[in-house]
Structure formats: structure tokens, C-alpha cells
Amino acid sequence: MKTINRNGLNVSVLSLGTVQLGLDYGVNNAHGKPSEETANAILTCAIQNGINILDTAGSYGDSEIIIGKWLKKVNPQERPFIVTKVAGFQAGSYRSVKDFLRTKVSESKTRLGLEQLDMLMIHNFDEYIRDSDNIRQAMEELKADGDIRFTGASAYAHHDYKEIAETGFDATQIPVNLFDWTQLENGGMQKLEQSGMIVFARSVFLQGLVFANPDDLPPKMGFARDTIIKFRGLCKKFNLTPATLALSYVNSLSGVTSLVLGCETPRQVQENVDLINRCVVLSHEQLSDIR
Numbered sequence: 085m086k087t088i089n090r091n092g093l094n095v096s097v098l099s100l101g102t103v104q105l106g107l108d109y110g111v112n113n114a115h116g117k118p119s120e121e122t123a124n125a126i127l128t129c130a131i132q133n134g135i136n137i138l139d140t141a142g143s144y145g146d147s148e149i150i151i152g153k154w155l156k157k158v159n160p161q162e163r164p165f166i167v168t169k170v171a172g173f174q175a176g177s178y179r180s181v182k183d184f185l186r187t188k189v190s191e192s193k194t195r196l197g198l199e200q201l202d203m204l205m206i207h208n209f210d211e212y213i214r215d216s217d218n219i220r221q222a223m224e225e226l227k228a229d230g231d232i233r234f235t236g237a238s239a240y241a242h243h244d245y246k247e248i249a250e251t252g253f254d255a256t257q258i259p260v261n262l263f264d265w266t267q268l269e270n271g272g273m274q275k276l277e278q279s280g281m282i283v284f285a286r287s288v289f290l291q292g293l294v295f296a297n298p299d300d301l302p303p304k305m306g307f308a309r310d311t312i313i314k315f316r317g318l319c320k321k322f323n324l325t326p327a328t329l330a331l332s333y334v335n336s337l338s339g340v341t342s343l344v345l346g347c348e349t350p351r352q353v354q355e356n357v358d359l360i361n362r363c364v365v366l367s368h369e370q371l372s373d374i375r
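Residue numbers for the sequence shown follow my numbering, beginning at 85 and rising by one.
This is how it looks when you write it as C-alpha cells:
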């Protein structure tokens, strides 16, 4: 699988999201949380297909524990890079923030069976905003001490991407999909690209919404009906499946390093790998049609 080098790290263009391994998750999740045996098969299928990034978090149920057990069976030379996240900060002194982070890092290292975390992200960027100086300093110290290799922050589309770019962190994870192009129009994506940060794109399929039949949406999702109808029309116009168009759109944006996709079965891992290999670079005209 193709990799992109950012900040000295070779990142596969597809990362495996693992929230599904620890929780029932997703609008169209038909299988529920997989068994440990299935979870192991999902993880193994991912690395066999060249995926070298696993995305997890302490709040993803027992995802870290499942990954940690599986890592004990993996050849060290084949071990993927693990991105995990921390949340639950309380505003306070620098010492309290640092102690909180050290505790959370220690817990994640124990669950994953690692002596050093590959990457630690702030899971909730709003928490960073409320206490940015203390959190940034504590993250930098953890990195200097060797507790973590890379730093990052996870954010949402409403956040100020310039502020993310100015954190000094190594990476960010943001939602990117063809239904919302606000951060392209306001220059947010360009600011992230200029910063040199590793950019992980999540919610590419909007938790499965791109696959939904517009006539079968539950009442609470009715607002998305017209958008999905337009999307289906573009699929026919471009002669692309919904999955291929959704991935191709994100893959066509400069600055995006890797797409984070979760899977419920090993078959879905293989399907996603095949999809990423079938992605096309959309033309300017096609991108304009989507917007």
C-alpha cells in the first residue's frame, strides 16, 4: 500500500479505525462489537494489506486492551504504529494537567503493552482550547521524556484549523467528507497543509450514511435526504460507486495524509483496501459539481 512521509513517519494512506473493536458504533453497524477472534482477524488482515496505522483511544471501550493482546502475537518488525487519544481534562494548574496526562499515558501503555506511546492525541480539542498553554507544555514534556513519540489533537469541522496548525503538534485528526466543504472554502485545510502536520481524515463515510437509501432514513436523519439524493446522482454521473466516490473525494484533497476507516469484519478491511486502490483523482470540474 502507498505510504506518505510526514514528519519522518511513513504513513499508509489507509488507517484502521478501531472504535468498532471496543464498542457498538456506527449508523449502519449491522454486526455489533466483534468477538475477540474476529477483532484479531481484522487487525491481522489490516497489516497483511499494508495498513501500518491503528487508530484507537482510551474511551473506545476495550479497544486498547484488544489491540494490546493482539500485539503480543505480532512480529515486532510488522508492528503497526498506534495512535491513541486522551480526554477528560479538568482546568487547573500545570502540575495537575501534567499528572493527569502521565496517569492516562501510563494506563494506555499498560493496556497496549507498550513502553512508549507512538502518538498521543488530545481527543477533544475544546478541552485543549480551555487550557492550551498547560496542555501543550505537558504534551511537549511527555514527548521530551520519551513517554510519547508524536503529539496530536482530534478536532471537528467547526474548530479553527489555524489554531490547530499553531499548536505545534505533529498531527491532527479531523472529519472530512464530500457533504461538508466549509474548511476548504475558508482556507482551513490549506492552513493544516502548510503546517506540515500529519492529517488523518475520519468520518469519510459519515458512519455509513453515504450508503443509506434516502427513502429508508429514520425520522431523525430526514434532513439528509436531499443531500443523499444529490450524491447518488453524482455517483451515476461519474460512474463511481458511493464508496469509491466518497473515498476519491477525500483522497483528491491535498494535505490529507491518511483516511481512517473502521471495520466490523476482515472482509470489510479487504474491501476498503480494494476501494483505496480503485480511487481516482477527481477533476476540478467534478469537485465543483460536488460543492
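Every residue gets a Cβ at the ideal spot worked out from N, C-alpha and C, and that includes glycine.
(Q) Could you check whether the region 207–219 touches the region 156–163, counting it as contact only if at least three pairs of C-beta atoms, one from each stretch, sit closer than 8 Å? (A) no
Q. How many Å lie between Leu359 and Ala308 at the Cα?
A. Position 275 of the sequence shown, counting from 1, holds the residue named residue 359. Position 224 of the sequence shown, counting from 1, holds the residue named residue 308. Those two C-alpha atoms are separated by around 24 Å.
Q) Alpha carbon to alpha carbon, what distance is there between Ser279 and Val95? A) Sequence index remark: in the sequence shown, residue 95 carries index 11 (1-based). Sequence index remark: in the sequence shown, residue 279 carries index 195 (1-based). Rounded to whole angstroms, Val95 to Ser279 spans 17 Å at the Cα level.
Q.
Checking the sheet assignment: what are the DSSP bridge partners for Leu93?
A. Along the sequence shown, one-based indexing puts residue 93 at 9. DSSP, once it has assigned bridges, lists Arg90 as partnering Leu93.
Q) Using DSSP with H/G/I as helix, E/B as strand and the rest coil, what is Ser238? A) The residue you call residue 238 lines up with position 154 of the sequence shown. Ser238: strand per DSSP, three-state reduction.
Q. Which of the three DSSP states, helix, strand or coil, is assigned to Gln174?
A. Within the sequence shown, the letter at position 90 stands for residue 174. If DSSP states are grouped into helix, strand and coil, Gln174 belongs with coil.
Q: Determine the DSSP secondary structure at Val111, reduced to helix, strand or coil.
A: Against the sequence shown, residue 111 aligns to sequence position 27. Since pLDDT at Val111 reaches only 46, below the 50 mark, its modelled position is unreliable, and the value read off the structure follows with that caveat. Three-state result, Val111: coil.
**Q.** Beta-carbon contacts of Gln354 that lie in its chain and below 8 Å, excluding the five residues immediately before and after
**A.** Here the question's residue 354 lines up with position 270 in the sequence shown. Cys129 and Asn133, listed in sequence order.
Q. Is Thr266 near Ala239, with beta carbons less than 8 Å apart?
A. Position 182 of the sequence shown holds residue 266. Position 155 of the sequence shown holds residue 239. Cβ atoms of Thr266 and Ala239: not closer than 8 Å.
Q: Please state whether DSSP places Gly134 in a helix, a strand or coil.
A: The residue you call residue 134 lines up with position 50 of the sequence shown. Three-state DSSP puts Gly134 in coil, outside helix and strand.
Q | Inter-residue Cα distance where the pair is Ile166 and Lys153 | A | Mapped onto the sequence shown, residue 166 falls at position 82. Mapped onto the sequence shown, residue 153 falls at position 69. Rounded to whole angstroms, the gap between the alpha carbons of Ile166 and Lys153 is 14 Å.
Q: Look up Ser279 in the DSSP assignment and say whether it is helix, strand or coil.
A: Numbered from 1 along the sequence shown, position 195 holds the residue referred to as residue 279. Three-state result, Ser279: helix.
Q: Quick one: grab the DSSP three-state call for Asn297.
A: Position 213 of the sequence shown holds residue 297. Reduced to three states, the DSSP call for Asn297 is coil.
Q) Excluding sequence positions up to five away, which residues of its chain have a Cβ less than 8 Å from the Cβ of Glu199? A) In the sequence shown, residue 199 corresponds to position 115, counting from 1. Excluding sequence neighbours, Glu199 sits near Lys193.
Q.
According to DSSP, is Pro160 part of a helix, a strand, or is it coil?
A. Here residue 160 refers to the residue found at position 76 when the sequence shown is read from its first residue. Correct three-state label for Pro160: helix.
Q.
Below 8 Å on the Cβ atoms is my contact criterion, and I expect Val288 with Leu345 to pass it. Report the Cβ-Cβ distance as a whole number of Å.
A. Residue 288 sits at position 204 when you count from the first residue of the sequence shown. Residue 345 sits at position 261 when you count from the first residue of the sequence shown. About 7 Å; that satisfies the 8 Å criterion.
**Q.** Touch test, the region 220–238 against the region 173–190, Cβ-Cβ under 8 Å, three pairs minimum
**A.** yes
Q) Taking the runs of the beta strand (DSSP E) that are 3 residues or longer, which of them lie wholly in the region 282–347? A) 282–286 and 342–346
Q: For the beta strand (DSSP E) containing Ala255, list its first residue and its last residue.
A: Along the sequence shown, one-based indexing puts residue 255 at 171. Ala255 -> beta strand (DSSP E) spans Ala255 to Pro259.
Q) Are the beta-carbon atoms of Cys363 and Ser332 separated by less than 8 Å? A) For this step, residue 363 is matched to residue 279 along the sequence shown. For this step, residue 332 is matched to residue 248 along the sequence shown. In this structure, Cys363 sits near Ser332, with a CB-CB distance shorter than 8 Å.
Q: Pull up the distance between the alpha-carbon of Leu276 and that of Gly116, whole angstroms please.
A: Walking along the sequence shown from the start, residue 276 turns up at place 192. Walking along the sequence shown from the start, residue 116 turns up at place 32. Cα to Cα, the separation comes out at about 35 Å.
Q: Using three-state DSSP, classify Phe184 as helix, strand or coil.
A: Taking the first residue of the sequence shown as 1, we reach residue 184 at position 100. DSSP, reduced to helix, strand and coil, places Phe184 within a helical segment of the structure shown.
Q. Cβ of Val364 versus every heavy atom of the ligand GTP: is any distance shorter than 7 Å?
A. Although the ligand GTP was asked about, the structure shown includes no ligands whatsoever.
(Q) Going by C-alpha to C-alpha distance, which of Thr325, Leu262 and Thr168 sits closest to Ile137? (A) Residue numbering aside, residue 137 sits at position 53 when the sequence shown is read from its first letter. The option with the nearest alpha carbon to Ile137 is Thr168.
Q) Under 8 Å between the Cβ atoms of Ala330 and Asn218? A) Here the question's residue 330 lines up with position 246 in the sequence shown. Here the question's residue 218 lines up with position 134 in the sequence shown. No; because the gap between Cβ atoms is not below 8 Å, this pair is not in contact.
Q. Taking the Cβ atom as the reference point for each residue, do Leu105 and Ile150 lie within a distance shorter than 8 Å?
A. Sequence index remark: in the sequence shown, residue 105 carries index 21 (1-based). Sequence index remark: in the sequence shown, residue 150 carries index 66 (1-based). For Leu105 and Ile150, yes; Cβs fall inside 8 Å.
**Q.** Own chain partners of Ala241 with C-beta closer than 8 Å, once the 5 adjacent residues on each side are dropped
**A.** In the sequence shown, the residue the question calls residue 241 occupies position 157. Only Ile258, Pro259, Asp264, Thr266 and Gln267 meet the Cβ criterion.
Q. By Cβ distance below 7 Å, which residues in the same chain neighbour Val111 in space, the five residues on each side in sequence not counted?
A. Position 27 of the sequence shown, counted from the first residue, corresponds to residue 111. Note on Val111: pLDDT 46, under 50, position unreliable in the model; no value is reported.
Q. Anyone know if the C-beta pair for Thr341 and Ile248 falls short of 8 Å?
A. In the sequence shown, residue 341 corresponds to position 257, counting from 1. In the sequence shown, residue 248 corresponds to position 164, counting from 1. Cβ atoms of Thr341 and Ile248: not closer than 8 Å.
Q.
Residues in the same chain with beta-carbon distance under 6 Å from Leu100, minus the five sequence neighbours each way, listed in chain order, please.
A. Numbered from 1 along the sequence shown, position 16 holds the residue referred to as residue 100. Within the same chain, Leu100 has close Cβ partners Ala130, Ile135 and Leu138.
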